[in-house]
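Asks: Note that our numbering has the sequence shown beginning at 16, numbered continuously upward.
The structure follows.
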Amino acid sequence: MCKYDVTSSSVYNNTEGRACSLLSWKHLQELPPPPLRMVLLKLTVLTTLLTGALGYTAQTCPSTVPESQRRDCHPEHGSTEATCAARGCMWCEASYQGPPWCFFDDSLASNTPAPGSCDNSICPSCIPEHQRLDCHPEHGSNEGSCAAKGCVWCPATTPNTPWCFFDPNVVVPGGSTSGGGHGDYSCSAVESVIPESQRVDCHPEHGSNQQSCEQKGCFWCPASYDGPPWCFYNQTGGSGIVVGPGGNNGVCPTNIVESNRIDCYPGGGATQGNCQALGCIWCESSVPNTPWCFYNGTFEDVGGEETYRVDCSPEGLNPIKCADRGCIMGAASLPGVPRCYFPPDRGYQAVGAPVDLPNGLLFSLKRVGGNAMFGGEVDPLAFLVEYQSDYRIHFKFYDPNNNRFEVPLPIGTPVKPLNTALYNFTWTNDPTFNFNITRTDTGATLFDTSMGGLVFEDQFLQIATKLPSVKVYGFGEHEHKTYQHDMNYQTWGMYSRDQPPAYKGNLYGVHPFYMNVEEENNAHGVLILNSAAQDVTLTPAPAMIYRTIGGVLDLYMFLGPTPENVVEQYTEAIGRPFMPPYWSLGFQLSRYGYNSLATVSDTIDRIRAYDIPHDVQFGDIDYMDEQMDFTYDPVTYAGYPDYVRRLRADHGMHFVTILDPCITTERSNYRPYDLGQEMGVWINESDGRTPALGKVWPPGASVFPDYTSPTCHDYWITLCKEFYGVIPYDGLWIDMNEPANFGTGSLVGCDQNNINQPPFLPKIWGDLADKTLCPDFKTHIGNMYDTHSLFGWAQSPPSFQAVEEASGKRAFVVSRSTFPGSGKYAAHWLGDNYSQWSNLKNSIVGMLEFSLFGIPYSGADICGFNGDANYEQCNRWMQLGAFYPFARNHNGIGYREQDPGAWDAEFARISREVLLVRYTLNPYLYLLFHQAHTEGATVVRPLLHEFTTDPETHAIDRQFLWGPALLFSPVLDEGMTSVDAYFPKARWYDYYTGAELSPSQQMTYVTLNAPNDYIPIHVRGGYVIPTQEPARTTTVSRTRPMGLIVALGADSHIPASGTLFWDDGDSIDTYANGNYFLSEYVADNNGLQAVVRNDGYRGIDSLTFGTIRVFGLSSAFSVMINGFPHSSFTFDSTTKELQITSINVGVKDLQSISWA
């Protein structure tokens, strides 16, 4: 039968397991061919959804509680109308993303029926039949099995209505409360041991229900008040383990003493039934912390290092399956250690000697030992090794007899050919095929597959390697709490998902790349080039176990040896980052929910009134006509094109518009749909012909452009260029491109097959179709099973090209979903974050990780997207965000205004001053982007990149650097007015005063004063930094005098050095065409020398130097510029800063400055 699931805006068919509309699957099978079928689906599905037949829509909601003030009545996820009504709460859809649909409404109290007060005397439940939530979805329910679950049994008068259902207000026979006791456990029994206030959430991802909860081995019990999770572990925050009723009537069929029992359900949630189904023994015990469900054996240690075990039951421990796979069951003395693991003789062996290639080897491997994991073993297997350069080695496992999907990412040819490699490759067949990659100079082993576990099956591929140290960085996209990974058996899933930042959740992009800092402080990086759903487990051995469900095992190693070298070599392979236009270094403002041009205008006016720098204004979907791409609302945004033109022409500002990859099918004469139909550019269903339908922001059903198709590139570029004629945008913001779908799979769900429901699912949130399209849908280059996580990556190049062709200027594209290589075409923001202090802090980690991933232009939504920011938090976030590469304040609809002009005059002053610092330093930031674009260097980088030999820097992620020379130490905690900042061994100067930190403060943490209007910034000695007098826009600031900060180094024999790169800021390929100015500067205790290396930009003629600051001099009594005395200078004997003013010498004409 079909049920509506509001957590995914879908309707599910219980019988067939396929999402459906209000039609049954049987009826769908009988529909006419696709074109007419599509029409019927729209009429049946969308009309029902939009008219609120299944509940209140946002427009018909009777509640007086504003959407922005709703208090979630079902915070543990998985809410439905039935569970909401059962709590006596209000169920209404929301008009925008964020507010809960199930919420408290005090006005409902008098209308909530009390238990037993229904007119129907036959059934004690007051829940209407159409709102019942099935408590026994599996076959064979009866009154007894229903009561055993603590649920209500009432015959229904309407077809396809569950007779066994949840109702927490009803006490069922036996004393249990309906609402989902766990197997033989009743809620009352659980609550006697685990109070609601001590529950630990077992299902933090969306979509929990009793079935999904119990599948995790956890308890499901409704809570009596707002807050506690309904699905929770059978442990409190302490170490006590909950045991429940049941047993063997006092008779235990084993002589295993209680102290030697090995828990068969270490994740919790054992019952007698599911215990014995695993082949384990169920015996009660009165001894605390003794498992009742345990293995039929003591499993003495069979030898070997526990932490090098490779899990042979990655989908969940099952002793029967473990034995069937030929794996070993063993005891474990440490938490997280696999109890079922691969034997040493399981894997592949090389057949004969490898074939010698010009720069590599080719092996033929045969499979040995054990049975299949999930079936479809590839045998024989090919293994290719390529020595691509001194610093890059490529190795790949693939099927020699069948083509499998491979990511179509062009890998760049190394600039330097193979000469003297930094690595050695060796292999052995003992006991199975394994190989080592070692560093030639130190002998450190960088990749060692001798721990076994190599599997290559059709839908399960796995490789495991020992690592040289626990200092691992990368893998994404996630909200990691620290930059350096926790290696205590942490598993991270990777599969692009419309998911706001949440710990452990797989987020918008996929980046299977990591960097490892070795014990000798060298660094190397590894790319695993695969786009299928995947996960990686990091263990304390240290080791890494990587699993994926498709494609091939295609790996590239980059030998560094410095962290900066690793990123340079990585971006050489996947593509150098794009060069951003200069205006994009300015402050940017956006929000979802201005809702009118008047509000936009008022917001910009008040920022201008406070004289706060503001370069870029974004347009979100609320400016569109019914949220449809390439339109604007002719009523609420009447005059919008002219307004944008005035912003650009009169105020020197720039405009970026949003585009979502979802095109409505519901509007006649809508060119984006009509043209797409004509060109045939949509993602299709599994038949390869029928356009896939989903529900996103526009009205009705949407189709999705297939950006892997060259025809789709032409389609997209055409539309973008046409829209430029309507609203002259300067950049594109491509959102929702995971791709996002408000339903599961499509309007008609997904077929039951091994593509949509693979035998193994990596540790991702939801299934493969959750909040997106069906995996068996077709794109130009393959099934969505393989191409899903490439959607945003594929959309970025045509969007980039469209901006260039439409504007004739340098492109600026910001993409939510990314993949290796995206940085060549797109920037990235860290998603729909929350106005929380933890998100503020974690944004630094995200920014550092995307630098590692080759996407240096990144940043978080300043002050948070979801929720109401408070004054202190937003103030500190403006200080930090002023130094994100992507400095944009953006928030969601329904929340309080949080732009820097929305608070008070003091807030505006603080924001203005910190942004003026940003604008002063923008020439240096622009130089760093030039170096990223041409050399692959990072822009924002962690301290460890510059001070790798100082182990203290390896875990620092509360501070960050711009390039090698500027150190930022922001306040990240509520109520703090000081920062404990670490200063590695170097000369450090206060940016604001030029005062030097004392040598005693090097290589230690220093408590810095940081009042509410101050962010500590320090300049590293040994560098010359270009600056410019700031203004309210970069358009104006670029015309103002330039400057330099000269920070003298610790060694008088090594001069401070720096570079100025300058061009017109927005022309295409200025560096490649030589249309730029570049000057180099060196300085010591006696003066500064300037050398022009390229003079290809005529605009430099109008720029002069105004002020030069010199830090670290002991004294200065005279100054000469280009050999002529200069009298406009001051020297502060306290801070030791020399400030030379009123220079008025052309930037290209400066040759030397001397001081004495």
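For glycine and all other residues, C-beta sits at the position ideal for the given N, C-alpha and C.
1) Buried or exposed: which applies to residue 991, given that a residue is buried once 16 or more other Cβ atoms fall within 10 Å of its Cβ?
2) Would you call residue 27 buried or exposed, if buried means 16 or more other Cβ atoms sit within 10 Å of its Cβ?
3) Give the single residue among 915, 932, 651 and 936 whose Cα lies nearest to the Cα of residue 885.
4) Hey, is residue 237 close to the ligand SAH, as in C-beta under 7 Å from one of its heavy atoms?
5) Buried or exposed for residue 626, please, with buried defined as at least 16 other CB atoms from any protein chain shown within 10 angstroms of its CB.
6) Just the C-alpha distance for residue 414 and residue 852, rounded to the nearest angstrom, thanks.
7) Please go through the same chain and pick out, in chain order, the residues whose beta-carbon is closer than 8 Å to the beta-carbon of residue 949, but skip the five residues on each side of it.
8) Which residues share a DSSP beta bridge with residue 85?
9) Within 10 angstroms of its Cβ, does residue 1007 collect 16 or more other Cβ (buried), or is it exposed?
10) For residue 310 and residue 334, which I take to be in contact (beta-carbon distance under 8 Å), what is that distance rounded to the nearest angstrom?
11) If you follow the alpha helix (DSSP H) that residue 1043 is in, where does it begin and where does it stop?
12) Please go through the same chain and pick out, in chain order, the residues whose beta-carbon is closer than 6 Å to the beta-carbon of residue 875, but skip the five residues on each side of it.
13) Which residue or residues does DSSP assign as beta-bridge partners of residue 1155?
14) Of the choices 648, 663, 746 and 812, whose alpha-carbon is the least far from that of residue 727?
15) What residue does the alpha helix (DSSP H) around residue 407 start on, and which one ends it?
16) Which complete beta strand (DSSP E) runs does the region 642–716 hold, if anything under 3 residues is left out?
17) State yes or no: is the C-beta of residue 788 within less than 8 Å of the C-beta of residue 707?
18) Among 574, 713, 657 and 863, which residue has its Cα nearest to the Cα of residue 953?
19) Please state if the CB of residue 610 and the CB of residue 637 are separated by a distance shorter than 8 Å.
20) Quick one: what's got a C-beta closer than 6 Å to residue 714's C-beta in the same chain, skipping five residues either side?
21) Please confirm if the region 1013–1020 is in contact with the region 908–922, defined as three or more CB-CB distances below 8 Å between the two stretches.
22) Name, in chain order, the residues that DSSP records as bridge partners for residue 1035.
23) Decide if residue 1165 is buried, meaning its Cβ has at least 16 other Cβ atoms within 10 Å, or exposed.
24) What residues are listed by DSSP as bridge partners for residue 399?
25) Expressed to the nearest angstrom, what Euclidean distance is found between the alpha-carbon atoms of residue 635 and residue 1170?
26) For the alpha helix (DSSP H) holding residue 926, just list the boundary residues, first then last.
27) Might you give, ordered along the chain, the residues of its own chain that have their beta carbon closer than 6 Å to the beta carbon of residue 1154, omitting 5 neighbours on each side?
28) Closer than 7 Å by C-beta to residue 630: which residues in its own chain qualify, once you throw out the five before and the five after it? Chain order, please.
29) Here's the rule: buried if 16 or more other CB atoms are within 10 angstroms of the residue's CB, otherwise exposed. What is residue 1168?
30) Which runs of the beta strand (DSSP E) at least 3 residues long sit entirely within the region 572–620? Give them in chain order.
31) Cα-Cα, which of 833, 1066 and 796 is closest to residue 810?
32) Around the C-beta of residue 516, are 16 or more other C-beta atoms found within 10 angstroms, so that it is buried, or is it exposed?
33) Below 8 Å on the Cβ atoms is my contact criterion, and I expect residue 466 with residue 867 to pass it. Report the Cβ-Cβ distance as a whole number of Å.
34) Are residue 402 and residue 436 close, meaning C-beta to C-beta below 8 Å?
35) Where residue 292 and residue 161 are concerned, what is the direct C-alpha to C-alpha distance, given to the nearest angstrom?
36) Reducing DSSP to helix, strand and coil, say where residue 49 ends up.
Replies: In short:
1) Numbered from 1 along the sequence shown, position 976 holds the residue referred to as residue 991. Result: exposed.
2) By 1-based counting over the sequence shown, the position of residue 27 is 12. Unreliable placement is indicated for residue 27, whose pLDDT of 33 sits below 50; the coordinate value is still reported in the next sentence. Buried, because 16 or more other Cβ atoms sit within 10 Å of the Cβ of residue 27.
3) Sequence index remark: in the sequence shown, residue 885 carries index 870 (1-based). When each option's Cα is compared against that of residue 885, the closest is 915.
4) Only the bare structure without any ligand can be found here, which leaves the ligand SAH out of the picture.
5) As a first step, residue 626 is located in the sequence shown; it is residue number 611 there, counting from the start. When all chains shown are included, residue 626 counts as exposed.
6) Counted from its first residue, the sequence shown places residue 414 at position 399. Counted from its first residue, the sequence shown places residue 852 at position 837. The straight-line gap from Cα to Cα measures roughly 48 Å.
7) As a first step, residue 949 must be located in the sequence shown, where it is residue number 934. So the qualifying residues of the chain are 591 and 1086.
8) Against the sequence shown, residue 85 aligns to sequence position 70. Here residue 85 is not bridged, per DSSP, to any residue.
9) What you label residue 1007 is simply residue 992 of the sequence shown in a count that begins at 1. By the neighbour-count rule (16 or more Cβ atoms within 10 Å), residue 1007 is not buried but exposed.
10) Position 295 of the sequence shown, counting from 1, holds the residue named residue 310. Position 319 of the sequence shown, counting from 1, holds the residue named residue 334. Going by Cβ atoms, the distance from residue 310 to residue 334 rounds to 6 Å, so yes, they are a contact pair.
11) Walking along the sequence shown from the start, residue 1043 turns up at place 1028. Taken as a continuous stretch (DSSP letters only), residue 1043 belongs to no alpha helix (DSSP H), being part of the beta strand (DSSP E) at 1038–1043.
12) Locating residue 875 in the sequence shown gives position 860, counting from the first residue. For residue 875, where only same-chain residues beyond five positions count, the Cβ hits under 6 Å are 845, 848 and 858.
13) Here residue 1155 is taken as the residue at index 1140 of the sequence shown, counted from 1. Looking at the DSSP assignment, residue 1155 forms a beta bridge with 1123 and 1144.
14) Residue 727 sits at position 712 when you count from the first residue of the sequence shown. Ranking the options by Cα distance to residue 727, first place goes to 812.
15) The residue you call residue 407 lines up with position 392 of the sequence shown. Looking at the DSSP string, residue 407 is not in any alpha helix (DSSP H); the run it does join, the beta strand (DSSP E), is 407–413.
16) 669–674
17) To locate residue 788, count along the sequence shown from 1; it is residue 773. To locate residue 707, count along the sequence shown from 1; it is residue 692. Yes, Cβ-Cβ distance for residue 788 and residue 707 is below 8 Å.
18) Numbered from 1 along the sequence shown, position 938 holds the residue referred to as residue 953. Looking at the Cα atoms, 863 is the closest of the given residues.
19) In the sequence shown, the residue the question calls residue 637 occupies position 622. In the sequence shown, the residue the question calls residue 610 occupies position 595. Yes, Cβ-Cβ distance for residue 637 and residue 610 is below 8 Å.
20) Here residue 714 corresponds to residue number 699 of the sequence shown, with the count starting at 1. For residue 714, same chain residues with a beta-carbon under 6 Å away, outside a window of 5 residues either side, are 641, 679 and 681 in chain order.
21) no
22) Taking the sequence shown and counting its residues from 1, the one referred to as residue 1035 is at position 1020. Answer is 1003, bridged to residue 1035.
23) Locating residue 1165 in the sequence shown gives position 1150, counting from the first residue. Residue 1165 is buried by the Cβ-count criterion.
24) In the sequence shown, counting from the first residue as 1, residue 399 sits at position 384. Beta-bridge partners of residue 399 (DSSP): 377 and 411.
25) For the purposes of this step, residue 635 is taken as residue 620 along the sequence shown, with counting starting at 1. For the purposes of this step, residue 1170 is taken as residue 1155 along the sequence shown, with counting starting at 1. CA-to-CA, the gap between residue 635 and residue 1170 works out to about 53 Å.
26) Working through the sequence shown from its first residue, we reach residue 926 at position 911. Note, residue 926: alpha helix (DSSP H), 920–950.
27) For the purposes of this step, residue 1154 is taken as the residue at position 1139 of the sequence shown. Only 1124 and 1145 meet the Cβ criterion.
28) If you number the sequence shown from 1, residue 630 lands on position 615. Within the same chain, Cβ atoms closer than 7 Å to the Cβ of residue 630 are found at 598, 601, 602, 603, 668, 669, 1048 and 1049, the five residues on either side in sequence being excluded.
29) As a working mapping, residue 1168 is identified with position 1153 in the sequence shown. Counting Cβ neighbours within 10 Å, residue 1168 comes out buried, since at least 16 surround it.
30) 603–606
31) In the sequence shown, residue 810 corresponds to position 795, counting from 1. Comparing Cα positions, the closest option is 833.
32) Translated into the one-based positions of the sequence shown, residue 516 becomes position 501. Answer is buried; the Cβ neighbour count reaches 16.
33) As a position in the sequence shown, residue 466 is number 451, starting the count at 1. As a position in the sequence shown, residue 867 is number 852, starting the count at 1. Actually they are not in contact, since the Cβ atoms of residue 466 and residue 867 sit about 26 Å apart, beyond 8 Å.
34) Locating residue 402 in the sequence shown gives position 387, counting from the first residue. Locating residue 436 in the sequence shown gives position 421, counting from the first residue. It is a contact, given that the beta carbons lie within the stated cut-off.
35) Counting from one through the sequence shown, the residue named residue 292 turns up at place 277. Counting from one through the sequence shown, the residue named residue 161 turns up at place 146. In a straight line, the C-alpha of residue 292 is about 20 Å away from that of residue 161.
36) On the sequence shown, residue 49 is found 34 positions in, with the first residue counted as 1. Confidence at residue 49 is low in this model, with a pLDDT of 40, below 50, so the placement of that residue is unreliable and no value is reported for it.
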